[in-house]
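Enquirer:
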Amino acid sequence: MTDRLDEYRRKRDAARTPEPIPDSHPAETQRQRFVIQQHHARSLHWDVRLERDGVLVSFAVPRGLPRDRERNNLAKHTEDHPLEYLVFDGEIPAGEYGGGRMTIFDSGTYETDKWRDDEIGVTFHGDRTNGRYIFFQTDGADWMVRRMDPPEPGWEPMPDRISPMLAVETEALPADDDEWAYEMGWGGRRVEAYVSGGRVRLLDASGTDVTSWYPEVRAMGPALAPTEAVLDGEIVAFDGARPDARLLERRTAPRDAAAARRAAERTPVQFLAYDLLWLEGHATAERVRYAERRELLEGLGIEGPNWQTPPYFPGGGEFAVEAARAQGLPAVVAKRLDSPYLPGQRSRLWRRVTS
Numbered sequence: 059m060t061d062r063l064d065e066y067r068r069k070r071d072a073a074r075t076p077e078p079i080p081d082s083h084p085a086e087t088q089r090q091r092f093v094i095q096q097h098h099a100r101s102l103h104w105d106v107r108l109e110r111d112g113v114l115v116s117f118a119v120p121r122g123l124p125r126d127r128e129r130n131n132l133a134k135h136t137e138d139h140p141l142e143y144l145v146f147d148g149e150i151p152a153g154e155y156g157g158g159r160m161t162i163f164d165s166g167t168y169e170t171d172k173w174r175d176d177e178i179g180v181t182f183h184g185d186r187t188n189g190r191y192i193f194f195q196t197d198g199a200d201w202m203v204r205r206m207d208p209p210e211p212g213w214e215p216m217p218d219r220i221s222p223m224l225a226v227e228t229e230a231l232p233a234d235d236d237e238w239a240y241e242m243g244w245g246g247r248r249v250e251a252y253v254s255g256g257r258v259r260l261l262d263a264s265g266t267d268v269t270s271w272y273p274e275v276r277a278m279g280p281a282l283a284p285t286e287a288v289l290d291g292e293i294v295a296f297d298g299a300r301p302d303a304r305l306l307e308r309r310t311a312p313r314d315a316a317a318a319r320r321a322a323e324r325t326p327v328q329f330l331a332y333d334l335l336w337l338e339g340h341a342t343a344e345r346v347r348y349a350e351r352r353e354l355l356e357g358l359g360i361e362g363p364n365w366q367t368p369p370y371f372p373g374g375g376e377f378a379v380e381a382a383r384a385q386g387l388p389a390v391v392a393k394r395l396d397s398p399y400l401p402g403q404r405s406r407l408w409r410r411v412t413s
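For the sequence shown, my numbering begins at 59 and goes up steadily by one.
Here you go:
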């Protein structure tokens, strides 16, 4: 009788990995449990495992299960795993098969709608994952996964692009100071970050995809996973503690990926996130006030080696201007606390005040 865990055991050394490696043949079960593990291996992906005939039938899904019916996601069919993997959470040593941190993203039960060699249909009942999905084989060995039922009520797909809102230029602070918040004017390159499936896509104010220009910012995607969001902000190059436009200019349109990596090593940049335009299937731009968007943004914990959320100052116009001058910044940006985000519009709800 073929042992369905032979390939699993062959790829692992029990003396070097904390993963469960049972000695016995798996016993068939009738239960239908599942686990989804977030796996920070060479590249971030999600492992979806379905209990079937005493083992966990497994798929590696690079972008995670699709949240709506708008797209199909790649799902690599991998070796069967033992049932003990339903509760596995740990660090697989570097150099070992699947080396990297693995955490449980979700677990629960599922119903089988269809089970064939080239197509598996299931309905998940988990804490975070619910709905009907189909895994299907395409030409060759590749598989895809698609959501079959509608997403949760009120879900909106991530937009392909949101044009940035613009501030009017002025030399005077607003008179009603308590109604405004103040951010530093960093003088960087305006960029929106589209974070989904552990990846990040960067678009500048003209809609040009500049993701390849800033490889050091790409790691923000895995760091924020599984969060999906659209962030408004700037790419800034610093000389010490001060932004430097000339240094930033050196990071424009690299010839190729190797040139971009070399530039990132010589002149690293920071992505400074200061607004939240879409979060987990819900548009926040025109529907949520600035003060609440900032609260949601800060709750995401955007803090890393090349990305951060800089502070803002509610009702502190004079202090913000003094702070900007001390840092050698050209301006502060005043934003009404109750202002919506108006894509593509220049509005007096936002004012760029020369410092």
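The C-beta atom is built at its ideal place from N, Cα and C for all residues, glycine as well.
On a predicted model such as this, the values are computed, not experimentally measured, just so you know.
Can you name, in chain order, every residue of its own chain whose Cβ lies under 7 Å from the Cβ of I220, other than the five neighbours on each side?
Expert: Hits under 7 Å: E250, V288, L335, A343 and P401.
Enquirer: At what residue ranges does the region 282 to 338 contain a whole run of the beta strand (DSSP E), taking only runs of 3 or more?
Expert: The region 282 to 338 contains these whole beta strand (DSSP E) runs: 287 to 297 and 327 to 337.
Enquirer: Counting only the same chain and skipping the five closest in sequence on each side, list residues whose C-beta sits under 6 Å from that of G256.
Expert: Once the five neighbours on either side are set aside, the close Cβ partners of G256 are L102, G279, P280 and A283.
Enquirer: So which of T325, A199 and E376 has the shortest CA-CA distance to D175?
Expert: It is A199.
Enquirer: I need the straight-line Cα distance from A378 to T187, nearest angstrom please.
Expert: One C-alpha to the other measures close to 44 Å.
Enquirer: I think S254 touches M216, with their Cβ atoms under 8 Å apart; what is that distance to the nearest whole Å?
Expert: The Cβ separation is near 6 Å, so the contact holds.
Enquirer: Mind checking which residues open and close the alpha helix (DSSP H) that includes L355?
Expert: That run of the alpha helix (DSSP H) goes Y348 to E356.
Enquirer: Which two residues bound the contiguous alpha helix (DSSP H) that contains Y66?
Expert: Segment D64 to R68, the alpha helix (DSSP H) holding Y66.
Enquirer: How long is the line joining the alpha carbons of Q88 and E169, rounded to whole angstroms?
Expert: Near 12 Å, if we compare the C-alpha coordinates of E169 and Q88.
Enquirer: Evaluate the contact criterion for the region 107 to 115 versus the region 76 to 95: three or more CB pairs, one atom per stretch, below 8 Å.
Expert: At 8 Å Cβ cutoff, the stretches touch.
Enquirer: For W173, which residues of its own chain have a beta-carbon under 6 Å away from its beta-carbon, when the five flanking residues on both sides are left out?
Expert: Within the same chain, W173 has no close Cβ partners at all.
Enquirer: Rounding to the nearest angstrom, what Cα-Cα distance links L354 and R259 in this structure?
Expert: Roughly 20 Å between the two C-alpha positions.
Enquirer: Which same chain residues, not among the five before or five after W408, have their C-beta less than 8 Å away from its C-beta?
Expert: So the qualifying residues of the chain are M223, L224, A225, V226, V391, A392, K393, R394 and S397.
Enquirer: Tell me whether the beta-carbon of F329 lies closer than 8 Å to the beta-carbon of A239.
Expert: It is not a contact, given that the beta carbons lie outside the stated cut-off.
Enquirer: Measure how close the beta-carbons of A133 and M202 come, nearest whole angstrom, since I'm counting them as under 8 Å.
Expert: Contact flag correct, Cβ pair sits at about 6 Å.
Enquirer: The beta strand (DSSP E) spanning E128 covers which residue range?
Expert: No beta strand (DSSP E) holds E128; DSSP gives it neither H nor E.
Enquirer: Going along the chain, which unbroken runs of the beta strand (DSSP E) with 3 or more residues stay wholly within the region 110 to 186?
Expert: The region 110 to 186 contains these whole beta strand (DSSP E) runs: 113 to 119, 130 to 135, 148 to 150, 158 to 174 and 177 to 184.
Enquirer: Express the C-alpha separation of F146 and A72 in angstroms, rounding to a whole number.
Expert: Computed Cα separation, rounded: 15 Å.
Enquirer: DSSP on R345, reduced to helix/strand/coil?
Expert: Coil, per DSSP.
Enquirer: Pick helix, strand or coil for T269, following the three-state DSSP scheme.
Expert: Looking at T269 - three-state DSSP - the assignment turns out to be helix.
Enquirer: Tell me which residue opens and which closes the alpha helix (DSSP H) that E250 is part of.
Expert: From DSSP, E250 is part of no alpha helix (DSSP H) but of the beta strand (DSSP E) over R247 to S254.
Enquirer: I need the DSSP call for M242, collapsed to helix, strand or coil.
Expert: M242: strand per DSSP, three-state reduction.
Enquirer: Could you name the residues of the same chain whose beta carbon sits closer than 8 Å to that of A349, not counting the 5 residues immediately before and after it, in chain order?
Expert: Counting only Cβ-Cβ distances below 8 Å, and skipping sequence neighbours, we find A239, P372, L395 and D396.
Enquirer: Quick check on this structure: which residue in E149, E142, W104 and D297 has the alpha carbon closest to the alpha carbon of N131?
Expert: Taking only the C-alpha atoms, the option nearest N131 is W104.
Enquirer: May I ask which residues mark the beginning and end of the alpha helix (DSSP H) holding A378?
Expert: Its alpha helix (DSSP H) spans residues G375 to A384.
Enquirer: Figure out for me which residue from P368, R347 and R67 has the closest Cα to the Cα of E356.
Expert: If we check each option's Cα against that of E356, P368 comes out closest.
Enquirer: Can you tell me whether G212 is helix, strand or coil according to DSSP?
Expert: Looking at G212 - three-state DSSP - the assignment turns out to be coil, as it is neither helix nor strand.
Enquirer: For G279, name the three-state secondary structure that DSSP assigns.
Expert: Helix.
Enquirer: Could you tell me the alpha carbon to alpha carbon distance between A99 and S405, rounded to whole angstroms?
Expert: Whole-angstrom Cα-Cα distance: 45 Å.
Enquirer: Excluding the five sequence neighbours on either side, which residues of its own chain have a C-beta within less than 7 Å of the C-beta of D126, listed in chain order?
Expert: If we look at D126 and ignore the five residues flanking it on each side, its Cβ neighbours are R205, P209, W213 and P215.
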